[in-house]
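Protein chains: 2
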Amino acid sequence: MSEPTDDSRRLRVIVADDQAAVREPLAAVLGMSEDIEVVAAAADGTEVLAAVAAAPADVVLMDLRMPVMDGIETTRRLSEEHPQIAVVVLTTFADDESILAALGAGARGYLTKNAGRQDIVRAIRAAAAGQAVLDREVQDRLLATARARPSATERVLPPDLTRREREVLTLIGQGLPNRAIAEKLFISEATVKSHINNLFAKAGIRDRPDAVRRAIAAGLA
Amino acid sequence: MSEPTDDSRRLRVIVADDQAAVREPLAAVLGMSEDIEVVAAAADGTEVLAAVAAAPADVVLMDLRMPVMDGIETTRRLSEEHPQIAVVVLTTFADDESILAALGAGARGYLTKNAGRQDIVRAIRAAAAGQAVLDREVQDRLLATARARPSATERVLPPDLTRREREVLTLIGQGLPNRAIAEKLFISEATVKSHINNLFAKAGIRDRPDAVRRAIAAGLA
DNA sequence: CCGTACCTCCACCCGTGGGTCCAGGTGTGT
DNA sequence: ACACACCTGGACCCACGGGTGGAGGTACGG
Numbered sequence: 084m085s086e087p088t089d090d091s092r093r094l095r096v097i098v099a100d101d102q103a104a105v106r107e108p109l110a111a112v113l114g115m116s117e118d119i120e121v122v123a124a125a126a127d128g129t130e131v132l133a134a135v136a137a138a139p140a141d142v143v144l145m146d147l148r149m150p151v152m153d154g155i156e157t158t159r160r161l162s163e164e165h166p167q168i169a170v171v172v173l174t175t176f177a178d179d180e181s182i183l184a185a186l187g188a189g190a191r192g193y194l195t196k197n198a199g200r201q202d203i204v205r206a207i208r209a210a211a212a213g214q215a216v217l218d219r220e221v222q223d224r225l226l227a228t229a230r231a232r233p234s235a236t237e238r239v240l241p242p243d244l245t246r247r248e249r250e251v252l253t254l255i256g257q258g259l260p261n262r263a264i265a266e267k268l269f270i271s272e273a274t275v276k277s278h279i280n281n282l283f284a285k286a287g288i289r290d291r292p293d294a295v296r297r298a299i300a301a302g303l304a
Numbered sequence: 084m085s086e087p088t089d090d091s092r093r094l095r096v097i098v099a100d101d102q103a104a105v106r107e108p109l110a111a112v113l114g115m116s117e118d119i120e121v122v123a124a125a126a127d128g129t130e131v132l133a134a135v136a137a138a139p140a141d142v143v144l145m146d147l148r149m150p151v152m153d154g155i156e157t158t159r160r161l162s163e164e165h166p167q168i169a170v171v172v173l174t175t176f177a178d179d180e181s182i183l184a185a186l187g188a189g190a191r192g193y194l195t196k197n198a199g200r201q202d203i204v205r206a207i208r209a210a211a212a213g214q215a216v217l218d219r220e221v222q223d224r225l226l227a228t229a230r231a232r233p234s235a236t237e238r239v240l241p242p243d244l245t246r247r248e249r250e251v252l253t254l255i256g257q258g259l260p261n262r263a264i265a266e267k268l269f270i271s272e273a274t275v276k277s278h279i280n281n282l283f284a285k286a287g288i289r290d291r292p293d294a295v296r297r298a299i300a301a302g303l304a
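Those protein sequence lines, which keep their order, are chains A and B.
The opening residue of the first sequence carries number 84 in our numbering; numbering runs sequentially from there.
The opening residue of the second sequence carries number 84 in our numbering; numbering runs sequentially from there.
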């Protein structure tokens with residue numbers, strides 16, 4: 084968050100979209116904003132990388148579906164090699180996978196193509212300032228995905244497991260072999276096996292892989 | 084997303100924070116923006132509700148920690164009774180729980196208190212336009228939480244896994260032993276072991292329990 | 001005082017898992 | 001024609017996992 088947003092210099096923006104019918108008008112309309120300067124237009128990811136190599140830029144307005152190198156991969160490379168450049172995704176698609184992939188790749192904004200000029204300009208300014216702007220729908224989806232996980236310990240495990248058995252199950256769920264569990268609990272490996280046999284019988288667990296799944300499902304791991 | 088952002092009318096903003104030392108200067112500095120009008124200042128949630136009942140507003144800039152009625156509860160009520168009013172959270176705390184609670188309650192923005200005046204103004208404008216603005220840190224946390232239990236296939240697996248190897252990993256993740264996997268894929272157990280050896284080497288998986296965890300984390304199971 | 005639950009540990013058995021090395025068959029691109 | 005990736009399969013070895021059947025310890029409640 085930078086208070087003194089440098090208004091003395093226009094934001095250098097690169098527009099990336101494989102469709103010229105989208106790219107050209109978009110670049111033109113963005114250039115009308117007095118604080119934005121479109122320094123390049125790219126039809127695929129390689130052209131974006133070439134553009135940032137040729138001249139400095141602040142923000143890349145990125146389509147996801149592009150030939151040769153798509154927006155996800157391009158975003159990933161940009162955030163690795165040029166972390167100072169902010170990527171704002173502008174795409175038709177707002178499915179969970181695309182959103183997670185894009186933001187996970189380092190995008191600092193995600194707009195759908197029914198965003199207006201004002202919305203896009205605002206997102207560019209925010210991204211340049213280190214903020215993230217998301218369409219309302221995108222935020223809702225992201226939030227829904229985040230909340231989709233079970234918060235509390237589930238009832239998939241019988242309540243009559245002893246404390247020790249729970250501990251052992253937790254460590255199994257973390258992928259530890261019996262020897263490591265024994266060391267961690269300061270007991271012998273034989274004892275670990277005893278606990279395992281008991282808890283397997285109680286909880287109806289077949290084998291170790293099954294135990295891992297149950298432990299994760301129960302929120303122990 | 085509304086293209087014709089109505090610039091002919093100033094955005095009516097309510098500032099809610101229990102600390103007068105924060106509330107008053109904030110209201111003053113926001114009022115300096117020509118497109119923003121601070122129509123009320125509130126010290127807790129009940130004052131916010133009273134203010135929106137008394138006069139129309141567009142955006143509420145909301146602190147989370149407030150006496151009587153906190154920001155979460157106030158946000159929840161606002162989004163129920165006045166869904167046209169956008170809530171932007173401005174708080175010191177950026178823990179996962181607060182973020183999820185606030186956005187889940189209907190907040191359309193989440194800023195930490197090291198945001199500058201420009202950042203706050205931008206967030207207010209975006210929220211009024213239906214967009215969501217998050218601090219970079221907040222976005223990262225939200226994304227991390229969303230990816231913790233993903234529905235989509237993750238990037239935790241190397242991309243050079245073959246189709247067969249993915250299938251085998253999926254079945255391992257479901258707890259099946261090699262024999263059952265072999266039957267399910269109509270191949271011999273020896274072949275299953277070959278695939279397992281290859282995919283373990285490629286993905287850096289140590290043993291079967293580890294494979295189960297990775298499969299679940301990757302959303303294959 | 002005695003039963004019961006829990007934690008601790010040992011010995012034995014053997015099935016599955018996983019590593020290693022190898023090899024034939026197929027399809028694809030050069 | 002050739003290399004290469006992939007799927008397929010077999011043989012061998014042995015470590016780890018898991019079942020069985022014990023045994024001795026403490027702590028608690030009837």
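Ideal placement from N, C-alpha and C gives every residue a C-beta, glycine not left out.
For residue 157 of chain A, the enclosing alpha helix (DSSP H) stretches over residues 154 to 164. For residue 203 of chain B, the three-state secondary structure derived from DSSP is helix.
Of the other Cβ atoms in all chains shown, 16 or more fall within 10 Å of the Cβ of residue 157 of chain B; this residue is therefore buried. Within chain B, not a single residue places a beta-carbon under 8 Å from that of residue 114 of chain A; the smallest gap is close to 17 Å. Taking CB atoms only, residue 264 of chain A has no neighbour in chain B less than 8 Å away. Taking a contact as a CB-CB distance under 8 Å, the pair residue 241 of chain B and residue 185 of chain B does not count as one, their CB atoms being some 37 Å apart. In this structure, the beta-carbon distance from residue 101 of chain A to residue 150 of chain A falls below 8 Å. For the pair residue 106 of chain B and residue 163 of chain A, the Cα-to-Cα distance works out to about 39 Å.
Residue range 214 to 218 is occupied by the beta strand (DSSP E) that includes residue 218 of chain B.
The beta-bridge partner set that DSSP reports for residue 95 of chain A consists of A:120.
For residue 109 of chain A, no CB of chain B lies under 8 Å from its own CB, so it is not counted at the interface with that chain.
Checking the DSSP bridge columns, you'll see residue 192 of chain A partnered with A:216. In this structure the region 265 to 279 of chain B does not lie against the region 265 to 277 of chain A, because fewer than three pairs of beta carbons, one per stretch, are closer than 8 Å. By the Cβ-count criterion, residue 115 of chain A is exposed, with fewer than 16 other Cβ atoms from all chains shown falling within 10 Å of its own Cβ. A Cβ-Cβ separation of about 5 Å places residue 210 of chain B in contact with residue 171 of chain B under the 8 Å criterion. For the pair residue 168 of chain B and residue 96 of chain B, the CB atoms are not nearer than the 8 Å cut-off. By the 16-neighbour rule on beta-carbons within 10 angstroms, residue 197 of chain A is exposed. Residue 301 of chain B is bridged by DSSP to nothing; it lacks a bridge partner. In this structure, residue 181 of chain B places its C-beta atom within 8 Å of the C-beta atom of residue 147 of chain B.
DSSP places residue 169 of chain B in the uninterrupted beta strand (DSSP E) bounded by 169 to 174. Cβ proximity to chain A below 9 Å picks out 255, 256, 257, 258, 259, 260 from the region 253 to 285 of chain B. Under the Cβ distance rule, residue 100 of chain B does not count among the residues neighbouring chain A, no pair being separated by less than 8 Å. Contacts with chain B (Cβ-Cβ distance below 8 Å) from the region 166 to 191 of chain A involve 179, 180, 183, 184, 186, 187, 191, listed in chain order. A distance below 7 Å between beta-carbons, with the five flanking residues on each side excluded, links residue 254 of chain B to the following residues of its chain, in chain order: 264, 267.
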